[in-house]
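Here is the structure we will look at.
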Amino acid sequence: MMLICIVLIPLLAGVIAWAIGRQNPGAARWVCLLACAIDLVILLTLWNNQAAMAAFAAGGPWLMQVNVPWVPALGISFHLALDGLSLLMLILSAFLGIVSVGCSWTEIKERVGFFHFNLMWVLAGIMGVFLAMDLFLFYCFWELMLVPMYFLIVIWGHENRIYAAVKFFIFTQFSGLLMLLAILALYFLHGHATGTYTFDYDLLLGTKLGSGAAKWIMLGFFAAFAVKLPAFPVHNWLPDAHTEAPTAGSVILAGLLLKTGAYGLMRFVVPLFPQAAIDFTPVAMTLAVIGIIYGAVLSFAQTDLKRLVAYSSVSHMGFVLLGVFAWNRIALQGAVMQMICHGLGTGALFMMVGAIQERIHTRNIEKMGGFWEVAPRMGAIAMFFAMASLGLPGIGNFIAEFLVLLGSYQANATMTSIASLGLVLGSIYSLWIVQRVFHGARENQAKLPDFARREIALFASLIIALVGLGFFPQPIFKTADPALSKLQQLAVAGQGAVQVSEAKHSGGNS
Amino acid sequence: MYELLWLVPALPCAGFLILALFGDRLPRRAAPFIGAGSVGFSALVSFLIAYRFFTAPPEGEHFSQVLWTWMNVEGFTCQFSLYLDALSLVMCLVVTGVGFLIHVYSAEYMIDDESYAKFFAYMNLFVAAMLMLVLGENMVLLYLGWEGVGLCSFLLIGFWYKNPANGRAAMKAFLTTRIGDTFMAIGLFLLFVQLGTLDIQEMMQRASQQWAVGSGVAVAAALLILGGAVGKSGQLPLQVWLPDAMAGPTPVSALIHAATMVTAGVYLIARTHVIFELAPSAQFLVAVVGAATLLLAGFAALAQRDIKRVLAYSTISQIGYMFLAMGVGAYAAGIFHLVTHAFFKALLFMASGAVIVALHHEQDMFKMGGLRKKLPVVFWTFLIGSMSLASLPIISSGFYSKDLILWSAFASEKGSKALWFAGFAGAFVTGIYTFRMVIMTFFGEEKTHVHVKPGWVMCLPLVILAICSTFGGLMEIPSSIYHFPLFTHFMESALPAAPIPHEGLEHAELMLQVIAVIAVLCGLSIAVVAFGVKPQIARAVVATPFGAKMRDLLFAGWGFDWLYDKILIQPFLRTARFNKDDFVDLIWNGIAALSRGVHSLLSETETGHVRWYAATLSVGALLALAIVVLL
Chain A
15 MMLICIVLIP
25 LLAGVIAWAI
35 GRQNPGAARW
45 VCLLACAIDL
55 VILLTLWNNQ
65 AAMAAFAAGG
75 PWLMQVNVPW
85 VPALGISFHL
95 ALDGLSLLML
105 ILSAFLGIVS
115 VGCSWTEIKE
125 RVGFFHFNLM
135 WVLAGIMGVF
145 LAMDLFLFYC
155 FWELMLVPMY
165 FLIVIWGHEN
175 RIYAAVKFFI
185 FTQFSGLLML
195 LAILALYFLH
205 GHATGTYTFD
215 YDLLLGTKLG
225 SGAAKWIMLG
235 FFAAFAVKLP
245 AFPVHNWLPD
255 AHTEAPTAGS
265 VILAGLLLKT
275 GAYGLMRFVV
285 PLFPQAAIDF
295 TPVAMTLAVI
305 GIIYGAVLSF
315 AQTDLKRLVA
325 YSSVSHMGFV
335 LLGVFAWNRI
345 ALQGAVMQMI
355 CHGLGTGALF
365 MMVGAIQERI
375 HTRNIEKMGG
385 FWEVAPRMGA
395 IAMFFAMASL
405 GLPGIGNFIA
415 EFLVLLGSYQ
425 ANATMTSIAS
435 LGLVLGSIYS
445 LWIVQRVFHG
455 ARENQAKLPD
465 FARREIALFA
475 SLIIALVGLG
485 FFPQPIFKTA
495 DPALSKLQQL
505 AVAGQGAVQV
515 SEAKHSGGNS
Chain B
587 MYELLWLVPA
597 LPCAGFLILA
607 LFGDRLPRRA
617 APFIGAGSVG
627 FSALVSFLIA
637 YRFFTAPPEG
647 EHFSQVLWTW
657 MNVEGFTCQF
667 SLYLDALSLV
677 MCLVVTGVGF
687 LIHVYSAEYM
697 IDDESYAKFF
707 AYMNLFVAAM
717 LMLVLGENMV
727 LLYLGWEGVG
737 LCSFLLIGFW
747 YKNPANGRAA
757 MKAFLTTRIG
767 DTFMAIGLFL
777 LFVQLGTLDI
787 QEMMQRASQQ
797 WAVGSGVAVA
807 AALLILGGAV
817 GKSGQLPLQV
827 WLPDAMAGPT
837 PVSALIHAAT
847 MVTAGVYLIA
857 RTHVIFELAP
867 SAQFLVAVVG
877 AATLLLAGFA
887 ALAQRDIKRV
897 LAYSTISQIG
907 YMFLAMGVGA
917 YAAGIFHLVT
927 HAFFKALLFM
937 ASGAVIVALH
947 HEQDMFKMGG
957 LRKKLPVVFW
967 TFLIGSMSLA
977 SLPIISSGFY
987 SKDLILWSAF
997 ASEKGSKALW
1007 FAGFAGAFVT
1017 GIYTFRMVIM
1027 TFFGEEKTHV
1037 HVKPGWVMCL
1047 PLVILAICST
1057 FGGLMEIPSS
1067 IYHFPLFTHF
1077 MESALPAAPI
1087 PHEGLEHAEL
1097 MLQVIAVIAV
1107 LCGLSIAVVA
1117 FGVKPQIARA
1127 VVATPFGAKM
1137 RDLLFAGWGF
1147 DWLYDKILIQ
1157 PFLRTARFNK
1167 DDFVDLIWNG
1177 IAALSRGVHS
1187 LLSETETGHV
1197 RWYAATLSVG
1207 ALLALAIVVL
1217 L
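For the protein sequence lines, the chains are A and B, in the order given.
Residue numbers for the first sequence follow the working numbering, so the first one is 15 and each next one is one higher.
Residue numbers for the second sequence follow the working numbering, so the first one is 587 and each next one is one higher.
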């Protein structure tokens, strides 16, 4: 029941915000803030429940679940379930929900109610994606994320918003369609083989598929998740969508929407199709490495600050893809960590850009420079997040990238060594932000008020979270560990005789 | 006592936090007290621990303190833990001791700067990171400190951020060292995959058990670590960032780019010496890199105009000596030079800083001169530092340490005459550029008026370091003079003694010392004649076409910047600019354009003419019929 509440609260808050937004925009903001806060409190209470966590770690199926038949005739059920991985993602969602409401406080002035309705519904869709364990339900939530996001971009976006929104829509919709086909194929093949037609994740695990069928179905899922992630070469929707979206939209996009792709890879692609995933590993890792480097080089070349940050996401999410397909515990823990830290760090960078744009009405870095002089707090905060983005030790992002690379090196030394080049290229664009925007002589004479209390509070919470993760990442590992362990076991079981990790080890361990 | 070890890095870290969070609300004069005070207390704790270490060494001559579990995932565990042995103790003393003096000096040097508190915040963060680097028990923690000092170096080089050139220098420093760091990171991955741990002591033990001498994996690991070391320590081929790093305030150059951070590479090699012992070819490369760097940088120092750039090249050159020592297995000698170098180079930088302030931020030596009378304290301390740098015999600490390196390079089983000769030639060049600098700055006629004289807050650290630079070398006296190997003996619990055969070389040692001393004195005399007594000689040399070319080449640091610009930076910038709009987008936009094209093509058929519809209808029907009939 608790799980339904978690999804329901933002849905309801969205409706209320829409209803009261016209008369009282401030109240709409507070309702949404409160809804996210309640969600966060519920989730943190769950996290703090030692007994349940211990029981799950000992081998319980789920930390918590609801499973009620929905359309029994077609084997569709309303199945929500929670494990450590989903829990972490949900906490991130609720937290970034608060942040995104907070950062829209002054930016959004038109149709405030409807804006928050969309924001809350995207959030609910994302939370649903992290919870759904019925593939049909999963697909519903997957689509639920898409539509409000489209509205967020198309109504409150910037100059080129229609192009961006349509591009975003087509990319995700088309790849989602491929996933739907894959889901249906899996449904029918499973039903045909066993006689029970079901969309339930638990039951579909371990479906015996011919290698050809497994490959094509796996690719269907992979396409959807790779677009969301985004992986090279289907990343092109992202720079446009990010750039044109309002700040809260970018925060949600970078912080959460991309994570659903990574989550899908971990939850569905490898456990459902272990052998096909292994066969696909060289391709996926290559795409990951290209993404890391290509994204970083493009990021540096941008003159639009928001585009620069957007391309950096392509680079950072490449690490997640690399870690997932290395598929050993170290790399997976790193990938989970990267999902969290990228969500916080890049979200903050988008807020930074949003704040600058709100003040000087441009995102062109050629019209910036020397901001430190007038806005030292902004400069120091930007410096911190630039450092987070280049993976400075002491910040969570380092733990993430380090573990991903350490784990992937066991799987494929050559790929990992090339991916490490991302550490250098990542420094280039990260430092470039600080150098170009905050250092140097003052070029833009527009008035630039420094961060006020609300903004400081938002950024400070993100900084504390990232530094905390940098020095004390253990709670995250501990929470994710049983879930990852289970996923790895599923993959091994589904794959039969061949041990996943060993097969990986023989790859590049010389 | 040892349990207080965590305070050593924690105190400067606390100083950083206070200054960073409340710096703009605290009264201005509180900043130096917090900044220097935190490092001072840290130094105090270090010295107390050192005293304890001498009188009652811990079991096994090392002590480790686990603070908390940093990372523990299946297959990989990493503690947040500190490790103290003779090597890290010496490093701690240098970092906190010299660091404290530099902080005190900064209190006056930076007093007029608008970001006074920020400066001390960065400096404290640096000290904390450097202490984590030397105290980290595992490679990940070392890497934390390693990157942390890199960040502080970046922040402090670009401290005067309003000038874009400073920012460029800061970026150059960070990125160049980051290239080395990336090699090192790959090295860590390799070591972990091979040895299953990143705990340094455990790693060394397993490596010596599992790897054969000269095995490929040992060589690969050693080379990757060396990549990190040359980046941080400004050695060939990654030395280009260090001269530009002089854009930072002078105390920064003294602390980071002379005394501590740049020697981190030397520390790293000493810390992982077991791997280098297992990879003789890589270790030989260390020696070669050191020898080549000390010569190239020494010559480059000859042609500089900016006093800080002379010192920067001389730092590169002196670290080359340390690398040379590491390469021939004389680890203790290298660390000994690291210590004396920290004394005299910090002294030289701070004294030059006093000159620069006195001349109202003039750094060009050609505009200095005759400051001997005006700035007596600065002159005498600078002279003492210079004597140490040029390693004048007996009365300077640099003599003892450099002599030990030269001797090891000659006599060690891993050394050779060629390596010795490189070091010897370097000593000669050092003599020339050092005294060229002294003469141009302090002798001759006065060219710029002295604005302000340094107060006692700046002078006191100079005097203390001058005393250290004079007597610090007495920790280790060669057997040819008086057998007193205190330092190397102390280091033996952490670092193996240099592989020098004990017999048959007694006479050689004294002879080599005499030759080296003669070389240094020759260098000194050449400097005195060519730049002091008869300056027309130097002018005549650079007036010849070859001389002028040589000077330009040396002035540009052998043209490495030009080369890297051509082969790395420009291609990267061109690639980035060329693909700014992301060619992959063309594919997707191409698909969109294609469907739009097809759409408009088909729209064309919607003409509204019945004739046209009827015609296409019948043609279509015929086609369909034909298909049915024919197939």
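Glycine residues also receive a C-beta, built at the ideal position from the N, C-alpha and C atoms.
These numbers come from a predicted model, not from an experiment.
From residue i to residue j, what does the alpha carbon distance come to, in whole angstroms?
i        : j        : result
F92(A)   : K123(A)  : 37 Å
R754(B)  : Q449(A)  : 8 Å
I18(A)   : M141(A)  : 10 Å
I112(A)  : M365(A)  : 13 Å
G522(A)  : A298(A)  : Low per-residue confidence applies at G522(A): pLDDT is 40, beneath 50, and the placement is therefore not dependable enough to give any value.
G278(A)  : I688(B)  : 54 Å
M1026(B) : F627(B)  : 39 Å
L679(B)  : F666(B)  : 21 Å
R373(A)  : F1014(B) : 60 Å
F294(A)  : N426(A)  : 14 Å
G913(B)  : S422(A)  : 32 Å
G1109(B) : S982(B)  : 16 Å
F246(A)  : F236(A)  : 13 Å
K181(A)  : W251(A)  : 6 Å
Y1123(B) : I942(B)  : Residue identity check: residue 1123(B) is Ile in the sequence provided, not Tyr. Near 27 Å, if we compare the C-alpha coordinates of I942(B) and I1123(B).
Restricting to Cα atoms, I'd like to know which of the options is closest to residue i.
i        : options                                 : result
R1022(B) : I842(B), F996(B), A976(B) and D1138(B)  : A976(B)
H1037(B) : H946(B), I1063(B), A1008(B) and G956(B) : H946(B)
E723(B)  : G955(B), A1142(B), L781(B) and S650(B)  : S650(B)
L957(B)  : Q795(B), E1031(B) and V838(B)           : E1031(B)
L151(A)  : G275(A), M351(A), F385(A) and P83(A)    : P83(A)
Within 7 Å (strictly less), CB to CB, does residue i reach chain B?
i       : result
F527(A) : For residue 527(A) there is no data in the structure shown, the boundaries of chain A being 15 and 524.
Y277(A) : no
A362(A) : no
P83(A)  : no
Y423(A) : yes
W386(A) : yes
Q488(A) : yes
V514(A) : Since pLDDT at V514(A) reaches only 39, below the 50 mark, its modelled position is unreliable, and the value read off the structure follows with that caveat. So no, V514(A) is outside the interface.
Helix, strand or coil for residue i, going by three-state DSSP, please let me know.
i        : result
L603(B)  : helix
T663(B)  : strand
V248(A)  : coil
G171(A)  : coil
N38(A)   : coil
T655(B)  : strand
S91(A)   : strand
A146(A)  : strand
L1216(B) : helix
D1147(B) : helix
I1063(B) : strand
D97(A)   : coil
With 7 Å set as the bound, which would you pick, yes or no: does the beta-carbon of residue i sit closer than that to a beta-carbon of chain A?
i        : result
G1183(B) : no
F775(B)  : yes
G753(B)  : yes
F649(B)  : no
E660(B)  : yes
The ligand SAH and residue i: does the residue's C-beta get closer than 6 Å to at least one heavy atom of that ligand?
i       : result
N342(A) : Of ligands this structure carries none, so the ligand SAH is not represented either.
Measure how close the beta-carbons of residue i and residue j come, nearest whole angstrom, since I'm counting them as under 8 Å.
i       : j      : result
L145(A) : L99(A) : Contact flag wrong, Cβ pair sits at about 11 Å.
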